[in-house]
Amino acid sequence: KEKATGKSYAKIIWFGEHSVVYGKPAIAIPIYSVDVTATIRRINAGQNIHCRYFDGPVDQMAENLRGIKTLIDHLTNLLGAKDVAFDLTIESKLPSERGMGSSAATAIAVIRAFFAFFEVSLTRDMLLKLAEIEEKITHGNPSGLDSATASSSMPIWFIKNEINEQIDFNLPTSSLVIADSGIKGKTSEAVSLVHSNLVDQPEMADPLIQQLGTIAETARQALAEADDETLGKLMTQSQQNLAQLGVSNHTLDTFCQVACQNHALGAKLTGSGLGGCVIALAKNQADAQQISTALRKAGATQTWIQSFKNYQFST
Ligand code: PMV
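Position one of the sequence shown corresponds to residue 2 (full-length UniProt numbering), numbered consecutively onward.
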């Protein structure tokens with residue numbers, strides 16, 4: 002082919018961050034309006050990449066892009082394309098280090114673009130295994146949740162080392178509002194903090210983790226039954242547990258309060274916490290707009306609205 006593209010999406014953890022580390026289930030969803038597109042074009046000579054952080058030959062990519070470079074080298078080997086000249090352009094709407102799975106989404110888009118360009122079919126299993134090459138370099142010991150969500154067209158039910166299942170749901174009128182605090186998420190710091198709390202104060206922390214697991218189970222049921230009121234309550238309850246575990250902060254707490262004062266059915270931090278984003282569930286589009294505006298006034302650097310009307314489309 003002369004040109005091919007691959008797409009992927011931002012991931013948002015709806016329920017189960019932190020408790021997922023301890024074997025509890027998590028629910029994550031792809032956010033279609035926040036996407037990555039990778040485009041490959043055939044050129045006369047060279048192998049070049051154009052992205053937010055680098056513009057030039059693939060073999061001169063910087064050390065902080067080693068994950069994606071290693072992936073590209075692997076793909077050109079695998080597809081017998083060592084000598085094929087190409088330009089690879091990556092356009093990403095995802096902010097990095099906000100718990101939205103930026104690196105995994107980039108990897109998924111690039112893999113899809115390569116396979117489309119060389120007209121080779123790609124299974125979901127293969128896609129996730131290839132994305133792991135990049136994620137292991139960028140994140141050390143990834144759970145796989147980011148790639149599973151970035152490549153999905155539906156929410157994911159995820160249990161570490163066990164289950165990665167796409168789940169169907171139907172919430173025809175509500176929307177999720179996502180607000181970026183502008184502060185980098187601090188995954189390893191937040192994960193260590195929860196771990197220390199479990200070691201030092203198990204009587205406090207253990208029940209909170211157990212409850213977060215139960216909340217995810219109940220939320221799955223509420224999703225299936227389109228029960229947005231219950232989902233909202235479960236989100237607020239999750240936020241309380243996460244705050245008690247120490248991973249919220251003043252900005253995230255304030256955003257949750259502001260969302261709820263503006264008709265959100267519930268709100269919580271998403272991802273590691275100590276920064277990153279907050280999500281709020283809105284009953285309808287008008288409420289979502291109001292929540293989004295209020296969160297920007299309260300200091301959110303960016304907001305996005307994911308409507309669930311006709312949510313499922315194929316990736
Ligand atoms: O903010 P993120 O995307 O790094 O999410 C972290 C989620 C945790 O549950 C806190 C850690 C993990 O590895 O699952």
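Heads up, the beta-carbon is just placed ideally off N, CA and C, and yes, glycines get one too.
Rounded to whole angstroms, how far is the Cβ of residue i from the Cβ of residue j, which I believe are closer than 8 Å?
i, j, result
"Ala110", "Lys269", "Rounded, the Cβ-Cβ distance is 28 Å, inconsistent with contact."
"Gln307", "Ser176", "6 Å"
"Val195", "His19", "5 Å"
"Asp181", "Cys278", "5 Å"
"Gly267", "Gly233", "3 Å"
"Gly274", "Val248", "3 Å"
"Val21", "Phe159", "7 Å"
"Ala86", "Gly47", "6 Å"
"Ser148", "Leu129", "5 Å"
"Thr90", "His51", "5 Å"
"Thr271", "Ile280", "5 Å"
Tell me the residue span of the beta strand (DSSP E) that contains residue i.
i, result
"Gln48", "Gln48 to Cys52"
"Ile160", "Ile157 to Ile160"
"Lys269", "Gly267 to Thr271"
"Leu89", "Phe87 to Ser93"
"Gly145", "That residue, Gly145, is in no beta strand (DSSP E); it is neither H nor E in DSSP."
"Asp56", "Phe55 to Pro58"
"Ala283", "Cys278 to Ala283"
So, helix, strand or coil for residue i, using DSSP?
i, result
"Asp181", "strand"
"Pro208", "helix"
"Tyr10", "strand"
"Lys137", "helix"
"Lys4", "strand"
"Ser315", "The predicted position of Ser315 is uncertain, since its pLDDT is 42 and thus under 50; no value can be drawn from it."
"Thr124", "coil"
"Asn165", "strand"
"Thr304", "strand"
"Val248", "coil"
"Phe309", "coil"
"Phe256", "helix"
Could you please give the first and the last residue of the uninterrupted alpha helix (DSSP H) stretch that includes residue i?
i, result
"Leu194", "Thr188 to Asp201"
"Glu230", "Asp229 to Gln245"
"Ile30", "Per DSSP, Ile30 belongs to no alpha helix (DSSP H); it is in the beta strand (DSSP E), Ala27 to Arg43."
"Ala114", "Ser103 to Phe118"
"Asp84", "No alpha helix (DSSP H) holds Asp84; DSSP gives it neither H nor E."
"Gly68", "Arg67 to Leu79"
"Thr174", "It is not in any alpha helix (DSSP H) - Thr174 carries neither H nor E in the DSSP assignment."
"Gln61", "Unbroken run through Gln61: none, as it is neither H nor E."
"Leu296", "Gln286 to Lys298"
Measuring alpha carbon to alpha carbon, tell me which residue in the options is nearest residue i.
i, options, result
"Lys137", "Ala105, Thr304, Ile112 and Val21", "Ala105"
"Val35", "Ile13, Gly183 and Glu190", "Ile13"
"Gln238", "Lys2, Thr6, Ala5 and Gly17", "Gly17"
"Lys94", "Asp84, Gly145 and Val37", "Val37"
"Ala5", "Ala11, Ala244, Arg113 and Lys187", "Arg113"
"Val192", "Ala149, Leu246 and Asn242", "Leu246"
"Ala82", "Lys2, Ala244 and Asn142", "Lys2"
"Tyr10", "Gly24, Tyr33 and Tyr23", "Tyr33"
"Ser103", "Leu146, Val121 and Phe116", "Leu146"
"Tyr312", "Ser189, Ile69 and Asn171", "Asn171"
"Glu98", "Thr139, Lys185 and Leu72", "Lys185"
"His75", "Phe116, Cys261 and Glu120", "Phe116"
"Ala244", "Leu224, Met205 and Tyr54", "Met205"
"Ala260", "Tyr54, Glu230 and Arg297", "Arg297"
"Gly100", "Thr139, Asp88 and Thr188", "Thr188"
"Ser144", "Lys161, Glu135 and Asp288", "Lys161"
"Glu230", "His251, Ala265, Gln211 and Ile292", "Ala265"
How about residue i: is its Cβ closer than 6 Å to a heavy atom in the ligand ATP?
i, result
"Ser103", "Ligands displayed in this structure: the ligand PMV; the ligand ATP is not among them."
Do three or more CB pairs link the region 12-30 to the region 139-155 at distances below 8 Å?
-> Judged by Cβ distances under 8 Å, the region 12-30 makes contact with the region 139-155, as three or more pairs qualify.
Can we say the region 272-288 touches the region 166-176, given the rule of at least three CB pairs closer than 8 Å?
-> In this structure the region 272-288 lies against the region 166-176, because at least three pairs of beta carbons, one per stretch, are closer than 8 Å.
Could you tell me whether the region 214-225 touches the region 252-270, using the rule of 3 or more Cβ pairs below 8 Å?
-> No, because fewer than three Cβ pairs between the region 214-225 and the region 252-270 fall closer than 8 Å, the two stretches do not touch.
Examine the Cβ distances between the region 39-48 and the region 61-68 and report whether three or more of them are shorter than 8 Å.
-> As far as the Cβ criterion goes, the region 39-48 does not touch the region 61-68, which means the pair count is below three.
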